[in-house]
Amino acid sequence: MTTQTESISYDVLVIGAGPSGLATAIAATRAGARVLVLERHQGTSTFPKATGVRPRTMEILRSWGLEQEVQAGGADLRLAAALSATLADRQQQDFSLGIPQPETLAALSPSVTAISPQDHLEPVLLAHLRSLGGAVRFHTELVELDQHDGGVSVRVRAVDDGAEERIEARYVVGADGGGSTVRRATGINEHQLGSEGEHLAVLFHGAVEERIRGHRYGLHIVTTPESGVFVPSGTPGRWVYDREWSADRDAQGVPTVEDHQAAIRMAAGMPDLDPEIVGVFRWTFGAAVAERMQNGRVFLVGDAAHRTTPRGATGMNTGIADGHNLGWKLGWVVRGWADEALLDSYGPERHPVGLRNALSSLEASDGGKPEDLAHDFGVVYPVPSGDAPAAQEYALPGAVTGARAPHAWVERDGRRVSLLDLYGNRLVLVTGRGGDAWRRAADELAGHGFPVAAAQLGHDLADPRGTAAGAYDLGDGSAVLVRPDGHIAWRADALPTLPLTDLAAAVHAALGWVPSNAPLGASR
């Protein structure tokens, strides 16, 4: 028998505690929102699932102080794939996975790719969210969702005993995967983009490393007796074996533990291997995209909005970037720093990225192409405070409006930091050496309560080699305004007659304010 309890109110209710949902909750909580996450499972994932954490995602985790903790759960692997008849075969052909290599990244980012399984990443994110004061309830499922003028009313049910309660939230985020209940309840359609069939993945422990020669690769693709993939997943001896699984095989009955062990031995070319089967996970190798990512006060992130294939390791990373984009906007709207109109930018900014990544994941490629970097550093948003250039396909745009702000090493208080380390809690105005007037304008706006701070080269930051000035194309009178998610909201290439007026207009636009309701009545 169910019971109805008194409604409980939150600023943001996130449905789903996977990487996308936890990232959204972290970003929103750090930005000042009161957040609750609900998850129908008993806890975080017990299966590795996604393992490739791309450089841009590692930059986001770095901004939250989690980079090293995520890397600690990873494996020392060669960031490539190996193709061979069996896992034990010494004759291997290797090719790119579409993941930027460390030597390529050195000039572009303070971070590198991590091969860290999802069942390690999720507990790291969960612990961080709870340390910030965010709340998470497991074994709780969504039953009903109803939007109204002041927010969203949600009815949820405890999986254990069926007890129900109603929760009121200003906003709801659906992070509940490809079969999203939130998406269906909100009336958002999903478009299937393509499928390459069903797969069956088996997590096992086995003494594999001592029997293979050379490096452990990110993927080991085998062709005998059938095509399959071995994926090292965290600690040595922990692997996933994945293969296609057709409906015809379903008709033959559910495979036993002995069946899985025999298949692993044969594909590994190790007849005496004794694999311990830990778990089995069935999934669809396909891509889909929701027709939109917002319906009123309800938003979609991750697989609920766009599902990719594993190619290029973009799926989980795209979802985390969704949450990073949406979270700060929700938090700043809740605390009154931004106008609610700012939330309307989420879909136009993230939907094209999700669609592009979903479509590209359907294309078989040997990687090693310019788009490998563009997945991380080539995204350009159509931000409202400036005319962002049309993104050149796979070209890294530099410090243009809408782009991810470039990385450059500088010194602050005698310590070497990346410019990316400055972003996250405020709008940051990065200025050239002659930017005294810009700095004074930023200080004046901050004094009026605007979330903006100045970072002037030659004043706040030492840039002895001019690396930062070059990366941001900063002359003495130019300035670049960077959002909390590290994307450029606006830039000025010369010092205007009234820098305060211009900067105030740019800040208002970046925060979604329009002239009729802009604080301080700044002219546009």
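According to full-length UniProt numbering, the stretch in the sequence shown is residues 1 to 524, in order.
For every residue, glycine included, the Cβ atom is placed at its ideal position computed from N, Cα and C.
Delimiting residues of the beta strand (DSSP E) encompassing residue i
i, result
"residue 350", "That residue, residue 350, is in no beta strand (DSSP E); its alpha helix (DSSP H) goes 346 to 360."
"residue 190", "190 to 205"
"residue 131", "Here residue 131 belongs to no beta strand (DSSP E); instead the alpha helix (DSSP H) covers 118 to 131."
"residue 339", "Counting along the chain, residue 339 falls outside any beta strand (DSSP E), and DSSP gives it neither H nor E."
"residue 176", "Where residue 176 is concerned, there is no enclosing beta strand (DSSP E), given that its DSSP letter is neither H nor E."
"residue 77", "Note, residue 77: premise wrong, no beta strand (DSSP E); not H, not E."
"residue 411", "409 to 412"
"residue 94", "93 to 96"
"residue 431", "427 to 431"
"residue 456", "452 to 456"
"residue 489", "488 to 492"
Beta-carbon proximity list for residue i, same chain, < 6 Å, skipping 5 on both sides
i, result
"residue 442", "429, 452 and 454"
"residue 262", "none"
"residue 152", "169, 172 and 297"
"residue 25", "14, 35, 37, 129 and 134"
"residue 358", "193, 287, 289, 306 and 308"
"residue 178", "303 and 307"
"residue 235", "none"
From the options, residue whose alpha carbon lies closest to that of residue i
i, options, result
"residue 423", "415, 407 and 416", "407"
"residue 420", "432, 404, 435 and 431", "404"
"residue 526", "301, 96 and 226", "Nothing in the structure corresponds to residue 526, since the chain is present only between 1 and 524."
"residue 103", "373, 488 and 492", "373"
"residue 101", "334, 40 and 218", "218"
"residue 444", "233, 355, 12 and 502", "502"
"residue 43", "512, 140 and 246", "140"
"residue 157", "148, 144 and 435", "144"
"residue 223", "246, 185, 269 and 180", "269"
"residue 40", "30, 83, 162 and 333", "162"
"residue 197", "114, 244 and 186", "244"
"residue 138", "176, 320, 120 and 241", "176"
"residue 427", "331, 481, 470 and 381", "481"
"residue 20", "142, 488, 126 and 448", "126"
"residue 228", "242, 237 and 334", "242"
"residue 356", "342, 376, 490 and 489", "376"
"residue 271", "334, 211, 415 and 293", "211"
"residue 209", "89, 400 and 110", "89"
Buried versus exposed, by CB contacts within 10 Å (16 or more), residue i
i, result
"residue 256", "exposed"
"residue 311", "buried"
"residue 350", "buried"
"residue 189", "exposed"
"residue 340", "exposed"
"residue 510", "buried"
"residue 514", "exposed"
"residue 506", "buried"
"residue 390", "For residue 390, the pLDDT reaches just 48, beneath the cut-off of 50, and the residue's location in the model is therefore unreliable, although a value from the coordinates is still provided. Result: exposed."
"residue 254", "exposed"
"residue 431", "buried"
"residue 117", "buried"
"residue 84", "buried"
"residue 32", "buried"
"residue 522", "Only weak support exists for where residue 522 lies, its pLDDT of 38 falling under 50; the value from the coordinates is given anyway. With 16 or more other Cβ atoms within 10 Å, it is buried."
"residue 54", "buried"
"residue 63", "buried"
Unbroken alpha helix (DSSP H) run spanning residue i, endpoints
i, result
"residue 334", "315 to 334"
"residue 112", "Taken as a continuous stretch (DSSP letters only), residue 112 belongs to no alpha helix (DSSP H), as it is neither H nor E."
"residue 279", "Per DSSP, residue 279 belongs to no alpha helix (DSSP H); it is in the beta strand (DSSP E), 276 to 290."
"residue 264", "257 to 268"
"residue 26", "19 to 30"
"residue 438", "436 to 447"
"residue 481", "Per DSSP, residue 481 belongs to no alpha helix (DSSP H); it is in the beta strand (DSSP E), 479 to 482."
"residue 182", "181 to 186"
"residue 507", "499 to 510"
"residue 60", "55 to 63"
"residue 530", "Residue coverage of the chain in this structure runs from 1 to 524, which leaves residue 530 outside it and unanswerable."
"residue 72", "67 to 72"
Residues bridged to residue i (per DSSP)
i, result
"residue 295", "298"
"residue 228", "222 and 243"
"residue 104", "The partner list for residue 104 (beta bridge, DSSP) is empty, contrary to what the question assumes."
"residue 598", "For the chain, the structure presents residues 1 to 524; residue 598 sits outside this window and is missing."
"residue 148", "151"
"residue 169", "10 and 152"
"residue 137", "38"
"residue 233", "None; residue 233 has no bridge partner."
"residue 380", "403"
"residue 462", "411"
Spatial neighbours of residue i in its chain, beta-carbon cut-off 7 Å, leaving aside the 5 residues before and after
i, result
"residue 277", "202, 204, 257, 260 and 261"
"residue 437", "495 and 499"
"residue 324", "23, 27, 60 and 485"
"residue 80", "94, 95, 96, 97, 217 and 218"
Close Cβ partners of residue i (< 8 Å) along its chain, the five nearest in sequence each way excluded
i, result
"residue 361", "287, 308, 309, 310, 311, 312, 314 and 315"
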